Amino acid sequence: MLMPCKAVFEAVVEAVTEVVGEVVGEAVGEAVGEAVGGAVGEAVAEAVTAVVEGVAAAASSFFF
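Structure below.
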């Protein structure tokens with residue numbers, strides 16, 4: 001009975017993480033890109049997205 005709950009939780013975390021990671025990553029990357037340069041902004045966007053995904057993965061493994 002726990003497995004369906006885990007699967008649903010992981011699906012929700014993955015979907016939310018993807019959206020939040022992209023939105024936050026793009027916003028931060030765009031701001032940095034305007035201030036410093038496009039390539040740096042893009043790298044920052046990817047790094048922020050990776051951090052958000054890492055936090056979500058850690059939360060998922062913590063709960064299950």
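In the UniProt record's numbering, the protein residues as written are 1 to 64.
For glycine and all other residues, C-beta sits at the position ideal for the given N, C-alpha and C.
If you're wondering where the values come from, they're calculated on a predicted model, not measured in any experiment.
State the DSSP-derived secondary structure class of residue i, mapped to helix, strand or coil.
{"i": "VAL36", "result": "coil"}
Can the beta-carbon of residue i be found closer than 7 angstroms to that of residue j?
{"i": "VAL40", "j": "VAL32", "result": "yes"}
Can you tell me the Cα-Cα spacing of residue i and residue j, whole angstroms?
{"i": "GLY37", "j": "VAL23", "result": "19 angstroms"}
{"i": "ALA35", "j": "GLU46", "result": "17 angstroms"}
{"i": "GLY29", "j": "VAL19", "result": "15 angstroms"}
{"i": "VAL12", "j": "VAL51", "result": "18 angstroms"}
{"i": "PHE9", "j": "ALA57", "result": "11 angstroms"}
{"i": "GLU26", "j": "GLU42", "result": "8 angstroms"}
{"i": "GLY21", "j": "ALA59", "result": "15 angstroms"}
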